[in-house]
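Asker: Supplied in structure tokens, the structure appears directly below.
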Amino acid sequence: GGGGESPHIRRLEESVVNRIAAGEMIQRTSSAVQDLVENSIDADSSTISVTVKDGGPKLIQVSDDGHGIRCEDLPILCERHTTSKLSAYEDLQTIKSMGFRGEALASMTYVGHVTVTTITEGQLHGYRVSYRDGVMENDPKPCAAVKGTQIMVENLFYNMVARRKTLQNSNDDYPKIVDFISRFAVHHINVNFSCRKHGANRADVHSGSTSSRLDAIRNVYGASVVRDLMEIQVSDENAVDEIFKMDGFISNANYVAKKTTMILFINDRLVDCTSLKRATEFVYSAILPQASKPFIYMSINLPPEHVDVNIHPTKKEVSLLNQERIIEKIKDAIEEKLVNCNNTRIFQTQA
Ligand code: ADP
Ligand code: MG
Numbered sequence: 012g013g014g015g016e017s018p019h020i021r022r023l024e025e026s027v028v029n030r031i032a033a034g035e036m037i038q039r040t041s042s043a044v045q046d047l048v049e050n051s052i053d054a055d056s057s058t059i060s061v062t063v064k065d066g067g068p069k070l071i072q073v074s075d076d077g078h079g080i081r082c083e084d085l086p087i088l089c090e091r092h093t094t095s096k097l098s099a100y101e102d103l104q105t106i107k108s109m110g111f112r113g114e115a116l117a118s119m120t121y122v123g124h125v126t127v128t129t130i131t132e133g134q135l136h137g138y139r140v141s142y143r144d145g146v147m148e149n150d151p152k153p154c155a156a157v158k159g160t161q162i163m164v165e166n167l168f169y170n171m172v173a174r175r176k177t178l179q180n181s182n183d184d185y186p187k188i189v190d191f192i193s194r195f196a197v198h199h200i201n202v203n204f205s206c207r208k209h210g211a212n213r214a215d216v217h218s219g220s221t222s223s224r225l226d227a228i229r230n231v232y233g234a235s236v237v238r239d240l241m242e243i244q245v246s247d248e249n250a251v252d253e254i255f256k257m258d259g260f261i262s263n264a265n266y267v268a269k270k271t272t273m274i275l276f277i278n279d280r281l282v283d284c285t286s287l288k289r290a291t292e293f294v295y296s297a298i299l300p301q302a303s304k305p306f307i308y309m310s311i312n313l314p315p316e317h318v319d320v321n322i323h324p325t326k327k328e329v330s331l332l333n334q335e336r337i338i339e340k341i342k343d344a345i346e347e348k349l350v351n352c353n354n355t356r357i358f359q360t361q362a
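Residues 12 to 362 (the UniProt record's numbering) make up the sequence shown, in order.
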């Protein structure tokens, strides 16, 4: 045998634990931006503006016009597990907000420098305060502020050499940021999202605020996409043990693209569902002659107890209760839509 002394087991210091957890929570620049944007959505904002310097971790700014943060809450704002969204474990069953763990802001302060400027309704001035490693660096300073909250994160991963290096070598994160903001903009049509590189005049996403889903898609993905979309609705409310509803827009036979765009929200959370995506692509390739990949926006609503929201925050892939049945229903509906539009098209070209 090996012999030798067994190693001692020690309790890690809290700061070490927090830093390790933070590195898992905030994997890249885009994950930090997504957490900030989700907080702004949770704060009932109607305008959310994102600025990123050089697409990278040097400087991220997210400004919103939401409900703001109370001055008396600022001391614990960036501690781990502090949240306004959840109090009892049972609340998870019915929670509507995207956040609930109270970990995102805390994590950012362990791997970057966070400055918060915020004002709540009815106040004459706002407050600005900076955080490191979960705590305030100074007392909140009164300052001029417009409605809502602005959060600035500087020098993300300043204390993680390996992470900084891999991020430098990997592709710029900015396209990822533009991509998920575009997706949010299609779902939250009454929120005006914008995203630009620091110092740029032009925004790369500018969704406007609208009451029409098609307008939102047009503002973000362009008029040519909207021209080739069909509305689709599926519901399965007759079954005793299962209620689901899907609303969406899917591309028709005229739409041409090399890559699938699949924007999927389940109970208002942006998720990936590989099996649903595959099933959808399969229907398109089976019915349409040319090998075009589809554009899909789907919003699926299920009873909250059928969706487990408490998966790891960075894992967007979901599985649902009765998944096969739901996918089958959706597949059938898409097939019917496509067959109809394809027939009309052939008829039109022949006429
Ligand atoms: P969570 O979103 O899981 O609650 P976070 O660390 O992301 O945890 O945020 C902690 C708390 O800070 C939130 O619960 C919310 O009360 C507050 N907060 C964060 N960002 C904003 C914002 N943009 N506007 C208003 N409140 C915010
Ligand atoms: Mg959050």
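For every residue, glycine included, the Cβ atom is placed at its ideal position computed from N, Cα and C.
Please list, following the chain, all residues that have a C-beta closer than 6 Å to any non-hydrogen atom of the ligand FAD.
Answerer: Absent from the structure shown: the ligand FAD. Ligands present: the ligand ADP and the ligand MG.
Asker: Within its chain, find whatever has a CB closer than 6 Å to the CB of Q244; leave out the 5 residues flanking it on each side and keep chain order.
Answerer: Mapped onto the sequence shown, residue 244 falls at position 233. For Q244, where only same-chain residues beyond five positions count, the Cβ hits under 6 Å are D258.
Asker: Count the other CB atoms within 10 Å of the CB of Y138; is the residue buried (16 or more) or exposed (fewer)?
Answerer: Within the sequence shown, residue 138 is the residue found at index 127, counting from 1. The residue is buried, with at least 16 neighbouring Cβ atoms inside 10 Å.
Asker: Is R112 near the ligand ADP, in the sense that its beta carbon is under 6 Å from a heavy atom of that ligand?
Answerer: In the sequence shown, counting from the first residue as 1, residue 112 sits at position 101. Answer for R112: yes, Cβ within range of the ligand ADP.
Asker: Can you pull the DSSP bridge partners for Y232?
Answerer: As a first step, residue 232 must be located in the sequence shown, where it is residue number 221. For Y232, which the question treats as bridged, DSSP gives no partner whatsoever.
Asker: Mind listing, in chain order, the continuous beta strand (DSSP E) runs of no fewer than 3 residues lying wholly within the segment 105 to 138?
Answerer: Counting whole runs of 3 or more residues, the segment 105 to 138 contains the beta strand (DSSP E) stretches 124 to 130.
Asker: When the Cα of S41 is compared with those of A155, Y185 and T126, which residue comes out closest?
Answerer: Position 30 of the sequence shown, counted from the start, is the residue given in the question as residue 41. Out of A155, Y185 and T126, Y185 has the C-alpha closest to the C-alpha of S41.
Asker: Can I159 and T120 be called in contact, C-beta distance under 7 Å?
Answerer: The sequence position of residue 159 within the sequence shown is 148, counting from 1. The sequence position of residue 120 within the sequence shown is 109, counting from 1. Checking the sequence shown, residue 159 turns out to be Gly, not Ile. Taking 7 Å as the Cβ cut-off, G159 and T120 do not qualify as a contacting pair.
Asker: State yes or no: is the C-beta of F276 within less than 7 Å of the C-beta of S310?
Answerer: Taking the sequence shown and counting its residues from 1, one reaches residue 276 at position 265. Taking the sequence shown and counting its residues from 1, one reaches residue 310 at position 299. A contact, by the Cβ cut-off of 7 Å.
Asker: Measuring alpha carbon to alpha carbon, tell me which of Y142, M109 and G79 ends up nearest residue 7.
Answerer: The requested residue 7 is not part of the displayed model; the chain covers only 12 to 362.
Asker: Just to check, is the beta-carbon of T131 closer than 6 Å to a non-hydrogen atom of the ligand ADP?
Answerer: For the purposes of this step, residue 131 is taken as the residue at position 120 of the sequence shown. No; taking the cut-off as 6 Å, the Cβ of T131 has no heavy atom of the ligand ADP nearer than that.
Asker: Which residue marks the beginning of the alpha helix (DSSP H) containing G34, and which one marks its end?
Answerer: Here residue 34 is taken as the residue at index 23 of the sequence shown, counted from 1. It spans E25 to M36 - the alpha helix (DSSP H) in which G34 sits, taken as one unbroken run.
Asker: In the structure shown, what three-state DSSP assignment does L299 receive?
Answerer: Working through the sequence shown from its first residue, we reach residue 299 at position 288. The answer is coil: DSSP assigns L299 none of H, G, I, E or B.
Asker: Tell me, which residues are paired with L70 by DSSP?
Answerer: Taking the first residue of the sequence shown as 1, we reach residue 70 at position 59. E165.
Asker: Let me know if E49 comes out buried or exposed under the rule of 16 or more other beta-carbons within 10 Å of its beta-carbon.
Answerer: Here the question's residue 49 lines up with position 38 in the sequence shown. Buried, by the Cβ-count rule.
Asker: Tell me the DSSP secondary structure of C206 in three-state form.
Answerer: Indexing the sequence shown from 1 puts residue 206 at position 195. Strand, per DSSP.
Asker: Rounded to whole angstroms, what's the CA-CA distance from F195 to K208? Just pull it up for me.
Answerer: Start at 1 with the first residue of the sequence shown, and residue 195 comes out as number 184. Start at 1 with the first residue of the sequence shown, and residue 208 comes out as number 197. In a straight line, the C-alpha of F195 is about 18 Å away from that of K208.
Asker: By the DSSP assignment, the alpha helix (DSSP H) with N278 in it spans what residues?
Answerer: Reading the sequence shown from its first residue, position 267 is the one you call residue 278. That residue, N278, is in no alpha helix (DSSP H); it is neither H nor E in DSSP.
Asker: Distance check for A268 and residue 363, CA to CA, integer angstroms please.
Answerer: The structure shown has nothing for residue 363, since the chain only spans 12 to 362.
Asker: Just reading off the alpha helix (DSSP H) that N312 is part of, what are its end residues?
Answerer: The sequence position of residue 312 within the sequence shown is 301, counting from 1. Run containing N312: none in the alpha helix (DSSP H); it sits in the beta strand (DSSP E), F306 to N312.
Asker: Within 10 angstroms of its Cβ, does T105 collect 16 or more other Cβ (buried), or is it exposed?
Answerer: By 1-based counting over the sequence shown, the position of residue 105 is 94. Exposed.
Asker: Are there any heavy atoms of the ligand ADP lying less than 6 Å away from the beta-carbon of K208, as far as the coordinates show?
Answerer: Here the question's residue 208 lines up with position 197 in the sequence shown. No, the ligand ADP has no heavy atom inside 6 Å of this Cβ.
Asker: Between the C-alpha atoms of R30 and R91, what's the straight-line distance to the nearest angstrom?
Answerer: On the sequence shown, residue 30 is found 19 positions in, with the first residue counted as 1. On the sequence shown, residue 91 is found 80 positions in, with the first residue counted as 1. Approximately 11 Å, taken between the alpha carbons.
Asker: Is DSSP giving P18 helix, strand or coil here?
Answerer: The residue labelled residue 18 in the question sits at position 7 within the sequence shown. In this structure, P18 counts as coil in the three-state DSSP scheme.
Asker: Is it buried or exposed for A362, if we count other Cβ within 10 angstroms and need 16 for buried?
Answerer: Within the sequence shown, residue 362 is the residue found at index 351, counting from 1. Unreliable placement is indicated for A362, whose pLDDT of 43 sits below 50; no coordinate value is reported for it.
Asker: Could you tell me how far apart the beta carbons of L313 and L331 are, in whole angstroms, since I believe they sit closer than 8 Å?
Answerer: Translated into positions along the sequence shown, residue 313 becomes position 302. Translated into positions along the sequence shown, residue 331 becomes position 320. The Cβ separation is near 6 Å, so the contact holds.
Asker: Can you tell me whether A155 is buried or exposed? The criterion is at least 16 other CB atoms within 10 Å of its CB, across all chains shown.
Answerer: In the sequence shown, residue 155 corresponds to position 144, counting from 1. That one is exposed.
Asker: Please tell me whether V231 and C206 are closer than 7 Å, where the distance is taken between their beta carbons.
Answerer: Within the sequence shown, the letter at position 220 stands for residue 231. Within the sequence shown, the letter at position 195 stands for residue 206. No, the pair does not count as a contact, with Cβ atoms beyond the cut-off.
Asker: Quick one: what's got a C-beta closer than 6 Å to D46's C-beta in the same chain, skipping five residues either side?
Answerer: By 1-based counting over the sequence shown, the position of residue 46 is 35. Same-chain partners within the cutoff: A115.
Asker: Going by DSSP in three states, D183 sits in which element: helix, strand or coil?
Answerer: What you label residue 183 is simply residue 172 of the sequence shown in a count that begins at 1. Of the three classes helix, strand and coil, the one that applies to D183 here is coil, per DSSP.
Asker: Specify the secondary structure class of R39 as computed by DSSP and reduced to three states.
Answerer: Residue 39 sits at position 28 when you count from the first residue of the sequence shown. Correct three-state label for R39: coil.
Asker: Check this for me: beta carbons of M163 and P86, under 7 Å apart or not?
Answerer: Translated into positions along the sequence shown, residue 163 becomes position 152. Translated into positions along the sequence shown, residue 86 becomes position 75. Contact: no.
Asker: Measuring CA to CA, which of C82, S51, R213 and L240 is closest to H136?
Answerer: Indexing the sequence shown from 1 puts residue 136 at position 125. Closest option to H136, Cα to Cα, is C82.
Asker: Tell me the residue span of the beta strand (DSSP E) that contains K152.
Answerer: Position 141 of the sequence shown, counting from 1, holds the residue named residue 152. Where K152 is concerned, the enclosing beta strand (DSSP E) stretches over K152 to C154.
Asker: Name the two residues that bound the continuous beta strand (DSSP E) containing residue 363.
Answerer: No answer is possible for residue 363: the residues shown for the chain start at 12 and end at 362.
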